[in-house]
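For reference, the structure discussed in these notes is given below.
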Amino acid sequence: MRPAELNRLTVREAADRYVELVRAKTLTGALSMSTAEVYARDVATLVALAGEGAVLDDLTGEDVDAILLAFARKPDGRRAEPTGGLQSASSQARFRRSISALFKHATLAGWVQINPMAMATVTARERGGLRAERRALTREQAQGLIGAARELGAEPEVAAPVAKGRRRPRSDQRTESRDALIVLLLSTVGPRVSELVRANVEDFYTNDGVRYWRIFGKGGKTRDVPLPGVVAQALEAYLAGGRPETADKALLLSWRGRRLARGDVQAVIDRVQRQVDPAQRRSVTPHGLRHTTATHLLADAVDMDAVRRVLGHSDLATLGRYRDELPGELEVAMRSHPLLKPPDRR
1 MRPAELNRLT VREAADRYVE LVRAKTLTGA LSMSTAEVYA RDVATLVALA GEGAVLDDLT
61 GEDVDAILLA FARKPDGRRA EPTGGLQSAS SQARFRRSIS ALFKHATLAG WVQINPMAMA
121 TVTARERGGL RAERRALTRE QAQGLIGAAR ELGAEPEVAA PVAKGRRRPR SDQRTESRDA
181 LIVLLLSTVG PRVSELVRAN VEDFYTNDGV RYWRIFGKGG KTRDVPLPGV VAQALEAYLA
241 GGRPETADKA LLLSWRGRRL ARGDVQAVID RVQRQVDPAQ RRSVTPHGLR HTTATHLLAD
301 AVDMDAVRRV LGHSDLATLG RYRDELPGEL EVAMRSHPLL KPPDRR
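For the sequence shown, UniProt numbering begins at 1 and goes up steadily by one.
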């Protein structure tokens, strides 16, 4: 039941209390750390858009509409361009779920009299219409990024350009082979960024001469994915000389020997992108590289169930969200139509 008295908290006060509650749920296993941090980030965005001094109970359905649309038009800070790109439809849907959860709790806790989400009129169609640029890289863009990563990993002794006024990193601070491995894993295997940063050295094993990565995914599910030869070589090079000596079992470490965080991965991608020919360069997020993996595997007629297993999805229907259109793909498909090929004369 709703508390008898209303507690007129400011948006900031309500957000702080709610985030504290969300993070407490990670201690009981009710929420994962990564999910809790997503909630915390979205609630912080709500505070910025609504105004931290505003009283939570004073927000109306119109205010919520304005906040949702403001978020949709908010530049995506994960992109390299100064102006960024608009928020994707999935990011907008996630943000809406996050603030809906906050207002649901606020209603039960007596912070608001009426849940303003019930009066919001912004529809999914309106928000989806603001979708950002296609996320998957074209084949040329992806090959440019992979090529830059391979060159980076093959020549770790060559120092990367250093901005004026900054010191060149010491030999024990070099991260070329690690950065190459990160980009190659994201571009060819397509893991979730949370799966990548959670990976430990012991998760990689060899069976019949093939290197495998045992990926610990959502819901406690695991999948064993074979690594392409080039990626396996990059892994060996990193383990042989690019990984700091430490007792930490994490695969990906900073030069100080600490496990990388999710936010560090985007910085690595952007750093490798700067080595790509400008004609092939386009900024991309870790999730965009997951889209790239799915898109090109499916475009090359790789079995859909195999792609599903690589990405760690429970059913084939989910692949539709990861399959982006590629320029010219319909023309290629029609030119190589299987029913128009010469008959096999064996």
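Heads up, the beta-carbon is just placed ideally off N, CA and C, and yes, glycines get one too.
Which residue's Cα is closest to the Cα of residue i: the options?
| i | options | result |
| --- | --- | --- |
| R178 | R192, V189, A154, D63 | A154 |
| Q233 | I215, L185, R256 | L185 |
| E261 | T222, Y205, L196 | Correcting the residue identity first, residue 261 is Ala in this sequence and not Glu. Of the listed residues, the one whose Cα sits closest to A261 is L196. |
| A50 | S32, S314, F71, A30 | F71 |
| L6 | D57, A199, Q273 | D57 |
| G190 | L31, A48, A306 | A306 |
| L298 | R214, E236, G110, T188 | T188 |
| D224 | K104, R308, L68 | R308 |
| E245 | V183, R256, V231, D303 | R256 |
| V230 | V183, A44, H296, G241 | V183 |
Going straight from the alpha carbon of residue i to that of residue j, what length do you get?
| i | j | result |
| --- | --- | --- |
| T10 | R96 | 20 Å |
| R211 | P226 | 6 Å |
| S90 | D42 | 13 Å |
| R135 | A247 | 37 Å |
| K74 | S88 | 10 Å |
| A24 | V112 | 22 Å |
| P116 | A54 | 14 Å |
| F204 | T293 | 20 Å |
| R94 | T107 | 20 Å |
| G61 | E13 | 20 Å |
| L181 | R243 | 11 Å |
| E157 | T222 | Residue confidence for E157 is low, a pLDDT of 45 falling below 50, so the modelled location carries little weight and cannot support an answer. |
| L263 | A40 | According to the sequence displayed, residue 263 carries Gly and not Leu. Straight-line Cα distance between these residues: approximately 15 Å. |
| T206 | V284 | 31 Å |
| R127 | V272 | For R127, the pLDDT reaches just 43, beneath the cut-off of 50, and the residue's location in the model is therefore unreliable, leaving the point undetermined. |
| P342 | A301 | 20 Å |
| P82 | D208 | Bear in mind that the predicted position of P82 carries a pLDDT of just 43, short of 50, making it too unreliable to give a figure here. |
| G220 | R150 | 32 Å |
| Q92 | I99 | 11 Å |
| V64 | M119 | 8 Å |
| V310 | S254 | 27 Å |
| A160 | R258 | Residue placement at A160 is poorly supported in this model, since its pLDDT is 45, which falls under 50; the coordinates are not used for a value here. |
| residue 357 | R290 | Residue 357 lies beyond the stretch modelled for the chain, which goes from 1 to 346, so this question has no answer here. |
| W213 | R8 | 51 Å |
| L31 | I215 | 20 Å |
| M1 | S314 | In this prediction, M1 scores a pLDDT of 44, lower than 50, which makes its location untrustworthy; the coordinate-derived value is nonetheless stated afterwards. In a straight line, the C-alpha of M1 is about 38 Å away from that of S314. |
| L59 | A109 | 16 Å |
| G29 | L68 | 30 Å |
| residue 347 | P228 | Lying before the first or after the last residue shown, residue 347 is absent from the chain, which here runs from 1 to 346. |
| A163 | T138 | A caution first: A163 carries a pLDDT of 48, below 50, which makes its placement in the model unreliable, though a value can still be read off. Between A163 and T138, the C-alpha separation is close to 30 Å. |
| L235 | A44 | 37 Å |
| H105 | G241 | 50 Å |
| E52 | I114 | 20 Å |
| A48 | T295 | 35 Å |
| M304 | K249 | 34 Å |
| A237 | L27 | 37 Å |
| E133 | D270 | With a pLDDT of only 45 at E133, under the threshold of 50, the placement of this residue in the model should not be trusted; the figure read from the coordinates follows. In a straight line, the C-alpha of E133 is about 17 Å away from that of D270. |
With the cut-off set at 9 Å, would you say residue i and residue j are in Cβ contact?
| i | j | result |
| --- | --- | --- |
| H287 | V201 | no |
| T175 | V268 | yes |
Below 8 Å on the Cβ atoms is my guess for residue i versus residue j; work out the distance and round it to an integer in Å.
| i | j | result |
| --- | --- | --- |
| G217 | G312 | 4 Å |
| L46 | A15 | 7 Å |
| L152 | Q266 | Rounded, the Cβ-Cβ distance is 17 Å, inconsistent with contact. |
| L251 | A199 | 4 Å |
Quick check on residue i - is its C-beta less than 9 Å from some C-beta in chain C?
| i | result |
| --- | --- |
| D179 | In summary, chain C is missing from the structure at hand, where a single protein chain is found. |
Check your understanding: At a cut of 8 Å, does the stretch 11-19 reach the stretch 36-53 through at least three beta carbon pairs?
Key -> Verdict: yes, contact present.
Check your understanding: Are at least three pairs of beta-carbons, each pair with one atom in the stretch 271-286 and one in the stretch 135-155, less than 8 Å apart?
Key -> yes
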